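**Q** Going left to right, the sequence shown walks through residues 0 to 332 as numbering that gives the first Met the number 0 numbers them.
Think of the CB as a built atom: it goes at the ideal place given N, C-alpha and C, for glycine as much as any other residue.
Owing to the predicted nature of the structure, the values given are computational and were not obtained by experimental measurement.
If you scroll down you'll find the structure; I have some questions about it.
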Amino acid sequence: MVHGNSTFKAFRIEEKDGNYTSAVKEMEFGTLSNDEILVKVYYSSLNYKDALSASGNRGVTRNYPHTPGIDAVGIIEESNCYSFDVGEAVIVTSYDLGMNTDGGFAEYIKVPSGWAVRLPEKLTMKEAMIYGTAGLTAGMSVLRLTELIEPEDGKVAVSGATGGVGALSISILSKLGYSVVAITGKESERDYLISLGADDVLLRREVENFDKKSLLKPLFAGAIDTVGGEILENIIKTTGSMGVVTCCGNVASPRIDMTVFPFILRGITLIGIDSQNYPMKYRESVWNKLAYEWKPNQLDATCTEITLKDLQSKIELMLQGKLKGRTILAISE
Ligand SMILES: NC(=O)c1ccc[n+]([C@@H]2O[C@H](COP(=O)([O-])OP(=O)(O)OC[C@H]3O[C@@H](n4cnc5c(N)ncnc54)[C@H](OP(=O)(O)O)[C@@H]3O)[C@@H](O)[C@H]2O)c1
0 MVHGNSTFKA
10 FRIEEKDGNY
20 TSAVKEMEFG
30 TLSNDEILVK
40 VYYSSLNYKD
50 ALSASGNRGV
60 TRNYPHTPGI
70 DAVGIIEESN
80 CYSFDVGEAV
90 IVTSYDLGMN
100 TDGGFAEYIK
110 VPSGWAVRLP
120 EKLTMKEAMI
130 YGTAGLTAGM
140 SVLRLTELIE
150 PEDGKVAVSG
160 ATGGVGALSI
170 SILSKLGYSV
180 VAITGKESER
190 DYLISLGADD
200 VLLRREVENF
210 DKKSLLKPLF
220 AGAIDTVGGE
230 ILENIIKTTG
240 SMGVVTCCGN
250 VASPRIDMTV
260 FPFILRGITL
270 IGIDSQNYPM
280 KYRESVWNKL
290 AYEWKPNQLD
300 ATCTEITLKD
310 LQSKIELMLQ
320 GKLKGRTILA
330 ISE
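Printed below as a string of C-alpha cells:
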C-alpha cells in the first residue's frame with residue numbers, strides 16, 4: 000500500500016459517557032476499510048445528516064469514534080477494480096459514506112467502486128461539492144416534479160428555502176423557467192432568496208398558520224418540501240388539481256397529520272425522495288443534468304467555503320437551522 004507508514008487528517012467524533020466531542024486527528028491509513036478505491040479528498044460538504052452523525056445520533060451512526068461526511072470529491076490514488084483507474088476524479092456521495100463508513104471530513108476515504116460517479120467534464124470539484132448530496136436531492140426532486148408539471152401549470156413552492164436542498168432547488172427550478180415561491184423561517188433572507196431566483200417569499204409562520212380545514216384554496220401547482228410536518232401538510236392542502244409534491248426531509252417533523260382529501264379530490268401526487276440508495280444509472284443521469292443544462296448561473300451564490308477547523312461551529316449552526324445555503328469544506332490543495 001502506497002501510504003503504509005504515513006498518516007492523514009480527519010475530523011473525528013469520539014464518545015465518552017454519552018458526550019460527543021470533535022477534534023481534527025492524525026489517522027493511520029490502516030484504519031480505513033478494505034474497499035476498492037482510495038480517494039484523496041479535495042472537497043467535502045456539510046449536510047444535515049452529517050450534523051446528526053457529529054452529534055451522536057445513533058440512527059445515523061451506530062459506532063464511534065467516527066469520521067462523518069456523506070459527500071466527497073477527489074482523485075483516485077489506488078484502485079483494485081476494473082471500473083476506475085488511478086488519477087480519475089470521482090464524486091462519492093451517500094450510500095454508507097459518513098454513516099457507518101468513515102466519511103469525507105478527511106484527507107482520504109476508501110470505498111467500494113460502486114459508490115463512485117466519474118466527475119462530469121463540465122463540473123469542477125468545487126462545484127460538485129456545492130451540489131453534494133443536497134444538490135443530488137434537489138436534482139432528483141426537480142426531475143420527478145418536472146416529469147408531471149410544466150412552468151405554465153402554476154407556481155412551485157420550495158420549503159426550507161435557505162437550506163442546502165431548498166436553495167439549490169430554487170436555483171434549478173428558476174433556471175428551468177418555473178415561478179418559485181420560497182417558504183422560509185428567515186425573514187431577513189428575502190433578498191437572498193429572490194437573488195437565487197424565487198419570485199415570491201412566504202414566511203414559515205404564515206404557512207404554519209393556514210386554516211385547519213382538510214383542503215384549502217389552491218396556491219401552488221407543485222412543491223419541493225424539505226422539512227415535513229405542518230409545512231408539508233399545508234403545502235399538500237394548498238396544491239391545485241393534479242399537482243405534485245416531493246418530500247425529502249423532516250427538520251420540522253417526521254409526522255404529518257391530515258386527511259386523504261387532497262389525494263382523492265384533487266389527484267395530488269406525493270413523491271418520496273431517497274438519495275441514499277438512488278440507483279447508479281439514475282444517479283449518473285442527474286449528475287450530468289446538474290453539470291450541464293440545470294447548472295444555475297451563480298452556483299457559487301449558494302456556497303460558503305470553510306476548512307476542517309471551522310466545521311464544529313457550522314455543525315452547531317446547522318442543528319439550530321441557522322445556516323444559509325451550502326457549506327463546503329476545502330480539504331486538500
Ligand atoms: N431524503 C433524502 O435523500 C435527503 C437528502 C438530503 C437531505 N435530506 C433531508 O432534507 C432536509 C434538508 O436538508 P438540507 O441539507 O437542505 O438541510 P439544511 O441546509 O440544514 O436546511 C434545512 C432548512 O430547513 C429549515 N428549517 C430548519 N429548522 C426548521 C424547523 N424547525 N421547521 C421548519 N423548517 C426548518 C431552514 O430553512 P428556512 O429557515 O429557510 O426555513 C433550514 O435552513 C433535512 O431533513 C435532510 O436530512 C434528505
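Hey, would you say the C-beta of A160 is under 7 Å away from at least one heavy atom of ligand 1?
**A** Result yes, Cβ under 7 Å from ligand 1.
**Q** Where does N18 fall in DSSP's three states?
**A** It is a strand residue.
**Q** Identify every residue that forms a DSSP beta bridge with V116.
**A** I90, per the DSSP bridge assignment.
**Q** By the three-class DSSP mapping on this structure, what secondary structure does K8 have?
**A** Reduced to three states, the DSSP call for K8 is strand.
**Q** P261: which of G242, M124 and W286 sits nearest, CA to CA?
**A** The shortest Cα separation from P261 among G242, M124 and W286 belongs to G242.
**Q** With respect to 7 Å, is the separation between the Cβ of Q416 and the closest non-hydrogen atom of ligand 1 below this value?
**A** Here the chain comprises residues numbered 0 to 332, so residue 416 is not present and cannot be evaluated.
**Q** Using a Cβ-based criterion (distance less than 7 Å to any ligand heavy atom), does T136 qualify as near ligand 1?
**A** True, at least one ligand heavy atom lies under 7 Å from that Cβ.
**Q** Under 8 Å, with one C-beta from each stretch per pair, do the stretch 14–30 and the stretch 69–78 reach the 3-pair mark?
**A** The stretch 14–30 is not in contact with the stretch 69–78.
**Q** Of all the alpha helix (DSSP H) runs that stay within the bounds of the stretch 17–94, which reach a length of 4 or more residues?
**A** Counting only runs of 4 or more, we get 47–53.
**Q** Where I235 and I267 are concerned, what is the direct C-alpha to C-alpha distance, given to the nearest angstrom?
**A** About 8 Å.
**Q** Let me make sure I understand the geometry here. Which of G138, S93 and G271 has the alpha-carbon closest to that of P295?
**A** Ranking the options by Cα distance to P295, first place goes to G138.
**Q** In chain order, what residues of the same chain have a beta carbon less than 8 Å from the beta carbon of I169, not counting five sequence neighbours either side?
**A** Around I169: V157, A160, V179, A181, L192, L195, G196 and A197.
**Q** Indicate whether the contact test is met: 3 or more Cβ pairs, each with one atom in the stretch 24–41 and one in the stretch 51–60, closer than 8 Å.
**A** The stretch 24–41 is not in contact with the stretch 51–60.
**Q** When you compare only the Cα positions, how much space is there between T303 and G324?
**A** Whole-angstrom Cα-Cα distance: 8 Å.
**Q** Flag this pair as yes or no: are the beta carbons of L269 and C247 separated by less than 8 Å?
**A** No, these two residues do not count as a Cβ contact at 8 Å.
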